Structure formats: structure tokens, C-alpha cells
Amino acid sequence: MNRLSNTLKGATALALALSATQAMAQDWNAELGDYAGTTLRVQTIQDPFIDALKGMTPTFTGFTGAEVTVEGFGYDPLHEKQILSCSQKDNQYDVLFVDGIWLGEFVDAGCIEPVADRVAAADPAIMAMDDYVPSFAGQASWNGTLQCLPIAGYWHLMHYRKDLFDAAGLKAPTTFAELAAAAKYFAEEDGDPEMAGVAMNFQRGSAAGQNFFEWIYSGGGKPWESNFPGSAEPYADQTPLFNSPESVALVQFFKDMVPFGPPGVESFAWDERANAFMQGKVAMINAWSVQTPMFNDPATSKVAGKFDVAMFPHAEGATSVPPVGGWVMCINAHSEQKDAAWDFMKWFANPATHKDFVLAGGPPSRVSAMTDADITAAQFWVPTLYESAKLAWSELRPRHAATFEMIDALGLQVNRAIVGEAAPQEAMDEANAAITEILTDAGYLK
Amino acid sequence: MAQLAASTALAPALRAPADPERRAMLVFIVPAVIYLLLLSVFPFIYSVYLSLHDAKLTQMARKKFVGFENYVDLLTDPLFLKSIQNTAVLTVGSIALEVILAFFCAKVFLSLKENRTGQVMRSMAILPMMITPICVGLIFGYILNPTLGIANYLLSGVGIDGPSWFGDPAWALPTVIAINVWQWTPFMMLLMLAGLVSIPSSLYEAAELEGAKWHHVARWIELPAIRDVILIGIILRVIDNLKLFDIVYVTTRGGRSDATELVTFFTYRQQFQFFKVGYGSAAAVIILLISILVTTIAVKYLRRMQK
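Residue numbers (our numbering), protein chains in the order written: chain A, 1 to 446; chain B, 447 to 753.
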């Protein structure tokens, strides 16, 4: 009976999606250009949404005649390839998915063509710019100009094993202290020697560096002087505060969580953390929402149907500031098919297409998607995601040209503290000194 | 007047050689010289040029000449110095183990000689060096994963709590060395086997008559006979180890902390993650100088031994 009901629900959703697409078909035929015989190349991250993206492209081909190829790369290789291609004025790709935190670097290097003018000239009803979730929409702009479209927003959620928490009579942690207590319980007291309490990104480099930025605001601190939630000019004073009492306390908290993590957690990055959770080896992880559908897929996960999500926890006396990130869709400045690229972006970012994308497994970036009845019925985590999105801070991580080096230097020292090679205060003093030098060399600090 | 005299003197040298034999020699040499200039000399000179500038790939128009500042910064950069130390430990540790293991393996294969089993085993033994290093890194990354890997699962079966192979600073570099040794011992073994095969059987017969034990044979006959081969193998492996990158890139990314930061990985991060091409080029030039120095010393030593 359940299966029949689910099948009917699925068929109804599919029929609705198809009818929505057909209803829009007439409009799109008039709105989009004829690109028959051309091939549009999209370069993106190899994240779980890539299949949903690929699955959408035949519809665009139907409207315009343009073939669309989508190529995915790992995080670091994508950054390298995009910058190197840009330096060679490579026109191989027309549409680039760029991490919001790379935007300053890409704009400085002249790799992307701003979309502000194209958006201004387009039909406001199609673009629906006010519909984007503000905390992510900000990552599509740099130097006060809209550079790209904020197409794939991620927010951090606390994923926890509801079955285990219910059995233990525990509630999802809302504070760091509750998180530590729950982690200790599952690591040491629940009677399952295979189960760890919590896993975080502690691997040296980007993983540990970004982990710091993800937690610092909810820990009551800030990474540099003028960067705090709601700051009108977050880059006005970049005096680093990586050795502030709040920063050092946060790193001490990370270190305290190591004994409650799975073996080898000191070298965990995104994939290791997700795999440990999906294999049922850890009771809690904080993770980007783009991975949530993967956790709930019985084909890939042993914990499908056994977990729930909660808001990002916070330190006592602080408030939750969930991390925000994700991918903005940009026009390659060196593309020779910019109009076709823009038409693809305009079509893909439209609220109706975006809904189809989200239902196919893509991450929602629009308020209309996060509050859509079909989507919330199909994806139980979306209401909590929307609450997280409301509290997130767009400038959580640095987004200028020295971002990569700064995060790497920070990640080295955070990892040193976590593995016990240096005391947290000593490591963060070194991180602060190294970042001060990087920012001074780059001209961001006088 | 003096100018005219000079140009008259230079003219024959610039003119095409009349001798057909010399002309033929030039025809063969010039392509090689052009090849060398384009693919070796020019990139090297350009690297040196970049190393004297404060340059970022994303802002090349704004590069500025800084003299030897990048070199001074590098030699006071604790991470670069640590990377040199790690590379030295990796090189010495890997090669020492490879030579010892390869010698014993070569002895085993020598004793099996043309035996069918020996031939099959020899073919199987060289399989590791045929695998792409990036795949080797991935394979061992899965095997040694402390949560999901087979290694710790098997160890737990015999009551041993396996370590965090790449996550423990005491284990990270030794683990990378072990993977490197696993992949390249067959190469050293093949070289030594070729050397051992060429030893005249009369020497073995004489040693047997004298009642020499296996270690006497190894010490007084085999090792002296294959000394040159071993040294050539060491030179090649030193160069290889100075370039080792893939395994670290896949398994540790230079961690835990800075335990496996190698000079190649350091340079890669400067060049391709931070796009600091000036600083990265300076690091590349230093690696090249170290490589030339080590190789020159080894070759001189080899020549002295041959004399």
C-alpha cells in the first residue's frame, strides 16, 4: 500500500513537473535564441548535484537546438583548471561553476564576464532576483557588482542519527556543550565500540582551514576585525583575529572532539566525513546540505531513513550562524558563445526550472524552492535548511584573491593543534602571524 | 676600420660550411639543438626569470622585479625547510630499503633462474612499477583507511589495533616510504638481477670449493660485481624521489600537519593553488640545483669507482 502510494505520489509529481515544463515551453521558445548546431560546454564541480544538472540539459536543447555538455572536476583540480585556462584565454568552456569564495580571485584575474547588465536587461519575472536566499545571493557579487547567478547554494546542517538519539533518549544538540556530551556518549558509553560520536574536517589544508571558518561565528568569534554577521563593510579592516580567545577556544574544542571521532579523524576531509556517516560509523556530522540527498539514498547510504537534521550548534552565549557556500554560475570571459551561455543560465536559474532541478536532487537557492510544498514533501530536511539559510552570513569565509593561501595557512596550524604538535594558543599565534604576512603581501593590510 | 676587419674575420664562421660532411653533421645536430633550446633551456631560463619577480599568475601584468627576495624568503620559510628535510628522509629511507629488499629478491629470482615458476613470479614482481603512481596512492588510500580499510580490519582480527596510517605524524611519512618502496623495489631488483646474471659461474664454483657461505658470496663476489649497477640504480631513484608527488597528493596532501610535505608538493601548492609563480619558480630552481648537485656527486663517485 505504501509502495502504491509512493508510486502515485511520484507519478503526480512527475506529471506536475512535466506540465509545468510544457506550460513554460511556449515562453522559452520565444525567449531563447536559436543555437542549432552549436555545443555549449559547462564546467562544474563533481558534486552530488551533477547528475541532476546533466538530466536537465536535454530540455534546453529542445528549446534552442544547442547541445550541452557538462564536465565535472574535483574541488582543487577545478580551481586549478579554471585559473590556468583563464590565464591562457581559453574558450573551451562557456559556462563556469565557480565557488563563491573564489569570486574575488576570478574577478581580479578577468576570468568571468559580469552578468549585472544582462540581468538588468532581462525580464524581471524570469530572473526573479528577489527570490534568491539573501545569505547565498551575496556570494554571486564582488566589488558591488553582480558577477554570476547564485545557482547552487549550500548551508551546513547538523546531521544526526535519529534512531540512536531516540534510543538513548537524547535530543539533537543545540550547543557545543550538548554536542560534546552526545559525542562522548556515542563514542564511549553506548556499548557499540564501532560507533564514533562526531566527525569534523580536520585534514591539514583547506579542510581544516574551512572548518575553522565554518564554526568561528557560532563559537562567538570572528576571523578578522570588520567581518561579523550583518557587517556593512566586511573587508574594511582585515586585521586578523585568529589568535583571539574565541579562536583559541574553538580550536581547543576541535581538539577535544578528536577522541570522540572515528579512527583517523585527524585526516578527515569532506569525503571521509560523509563516508563515515553513510557507513553508519559515526552518530553526528555537520555537512553541506548538498550531501543530504546522498545520505538519504539507500543505494549509497546505510543510514537512509535513520537520520534527521538540526540547526548548526553554537557556543554558550552565542547564536547559531550556519555556514553558507555553494556554486555560482558564470559566463567565461573568454567564451565565444556568451549569448548562448547567458540564455542557458537564464533558463536554468529561472524559478520553474530551478524547482525541477531541486526535485531532481539539486540544491535549492531560491525562497520559492525552499518553501515549495512538492519540494518540502520530497525532502524532509528543506524546512530546517531554510531556517539555517535565514541565519547564515554571506561573508563567512574570505572571498578575495588571497583566500586559498590564507585558508591553507590556517588549516596547517589548526591541524597542528589538533594532532598535538602545538598548543592551540601557539598554533593560532603562528596562524595569525602567517595570515598577517599573506594579507600584507597581497595588499589587503597596510 | 676595426669594425670592418672584425666583420671580415667573422664572415667565414657564419657562412655555411663548404665541406659536405660537416654540412651533413649540422643537419643532424641543429634539430636536436633547437629541441633542447625550446624544451629545456628556454623553460629553465624563464623559470629563473620568474623566480626573480613577485608574480601571480592571475595578475601577471602587475609582476615586479624583487631580485633574490624569493630565494631569501624560501630559505627562511619553515615549511619549505621542513619539505627539504622530509624529502631527504623519504629519499634516503626509500632507497636504503629498496636496495636491501631488491638484493634479496634478486637472489631469490637468480636461484630460480629459468625455472617456469621463476619466470611467472618475476613477471608478477614487476607489476607494481607498471601501475600509475596516482592509482597506487588511491589503492593504498583505500587499503589503509583507518575506518573502512582492509588493513586495520585484518589487524583487528589478530588483536592489533591498527594505527591511523596517514593521520598519525609518527606513521604518515613511514607509510608513504613503504608505498614508495613497494612500488619501486622491483625496478632495483631487475637492475641487480641483470648484474647478478652477468657474474661468471666460475666465481661461484671457486667460492663453493673454498666452503664460502651465502653471506661470504654476497659480500665478496656479488656486491662488488654489481656495485656500478647499484649506484646507477641509486642515482635514478634519487632523481625519482626528488620528483615524487602523486602518492602524497592522493593520500596525505602534505599532512598530517607538515609530516609529509615534500618539496614537489610545496612547489605545486605555490604554483597551482596560490598561483604564486615567482615564489614557486624559485622553489623549483632550488629543487633543480639540489638535484644537479646530488646527481653530479653520485656520477663523480661512480667514475672514480670505475677507475
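Cβ atoms here follow ideal geometry from the backbone N, Cα and C, with glycine treated the same way. All of these numbers come straight from a predicted model, not from anything done at the bench.
Is it buried or exposed, residue i, if we count other Cβ atoms within 10 angstroms and call 16 or more buried?
i         : result
B/Arg-562 : exposed
B/Asn-516 : buried
B/Leu-690 : buried
A/Ser-301 : buried
B/Cys-581 : exposed
A/Val-309 : buried
B/Asn-687 : buried
B/Arg-469 : exposed
B/Gly-513 : exposed
A/Gln-147 : buried
A/Lys-355 : buried
B/Arg-749 : exposed
8 Å is my cut-off, CB to CB: does residue i come that close to chain B?
i         : result
A/Lys-281 : yes
A/Glu-405 : yes
A/Ser-87  : yes
A/Ala-25  : Here the model assigns A/Ala-25 a pLDDT of 47, short of 50, so the residue's position is not dependable, and the following value carries that caveat. No - not a single Cβ of chain B is within 8 Å of the one on A/Ala-25.
A/Leu-476 : The structure shown does not extend to residue 476 of chain A, since chain A spans only 1 to 446, so no value can be given for it.
A/Ala-109 : yes
A/Ser-267 : yes
A/Leu-439 : no
A/Glu-105 : yes
A/Ile-435 : no
A/Arg-416 : yes
A/Thr-21  : At A/Thr-21 the pLDDT is 47, less than 50, meaning the model places this residue with poor confidence; the figure from the coordinates comes in the next sentence. By this cut-off, A/Thr-21 is not an interface position.
A/Asn-91  : no
A/Ala-401 : yes
Tell me residue i's beta-bridge partners as DSSP assigns them.
i         : result
A/Ser-141 : A/Leu-146
A/Ala-199 : A/Ile-285
A/Ile-331 : A/Val-95, A/Glu-113
A/Gln-43  : A/Glu-71, A/Leu-96
A/Arg-366 : A/Tyr-132
B/Tyr-747 : Answer is none; B/Tyr-747 lacks a bridge partner.
A/Leu-157 : A/Ala-287
B/Asp-500 : B/Lys-510
A/Gly-326 : A/Gly-153
At 9 Å on the CB atoms, spell out the chain B contacts of residue i, in chain order.
i         : result
A/Leu-114 : Note on residue identity: the sequence assigns Pro, not Leu, to residue 114 of chain A. The premise fails here: A/Pro-114 is roughly 17 Å from chain B at the closest Cβ pair, so nothing lies under 9 Å.
For chain A, find out if any of its Cβ atoms is closer than 8 Å to the Cβ of residue i; answer yes or no.
i         : result
B/Gly-701 : yes
B/Leu-404 : This structure cannot settle anything about residue 404 of chain B, because the visible part of chain B is limited to 447 through 753.
B/Phe-612 : yes
B/Arg-683 : no
B/Arg-469 : no
B/Arg-750 : no
B/Arg-767 : Residue 767 of chain B falls outside the range modelled here, since chain B spans only 447 to 753, and no answer is possible.
State the DSSP-derived secondary structure class of residue i, mapped to helix, strand or coil.
i         : result
A/Thr-175 : strand
A/Ala-187 : helix
B/Tyr-650 : helix
A/Cys-111 : coil
B/Phe-514 : coil
A/Gln-88  : coil
A/Ala-152 : strand
A/Ala-310 : strand
B/His-662 : helix
A/Met-24  : Reliability fails at A/Met-24, whose pLDDT of 49 lies under 50, so the model's placement of it is uncertain and no value is given.
A/Tyr-217 : coil
A/Trp-224 : strand
A/Pro-240 : strand
A/Glu-405 : helix
A/Glu-426 : helix
A/Ala-377 : helix
B/Glu-467 : helix
B/Ala-624 : helix
A/Phe-49  : coil
B/Lys-689 : coil
So with CB distances below 7 Å, who are the chain B contacts of residue i?
i         : result
A/Val-419 : Pro-615, Arg-702, Ser-703
A/Ile-83  : Leu-503, Thr-504, Phe-721
Chain A partners of residue i, CB-CB under 8 Å?
i         : result
B/Pro-592 : Pro-262, Pro-263, Gly-264
B/Gln-719 : Asp-76, His-79, Glu-80, Phe-404, Glu-405, Asp-408
Can you pull the chain B residues whose beta carbon is under 8 Å from the beta carbon of residue i, in chain order?
i         : result
A/Asp-192 : The contacting residues do not exist; A/Asp-192 stays about 14 Å from chain B at best.
A/Gly-205 : Arg-699, Gly-700, Gly-701
Cβ closer than 7 Å: which chain A residues qualify as neighbours of residue i?
i         : result
B/Arg-673 : Ordered by position in chain A, no residue passes the 7 Å Cβ test against B/Arg-673, which lies about 41 Å from the chain.
Could you list which residues in chain E have their beta carbon closer than 7 Å to that of residue i, in chain order?
i        : result
A/Asp-99 : The structure shown contains no chain E; its protein chains are A and B.
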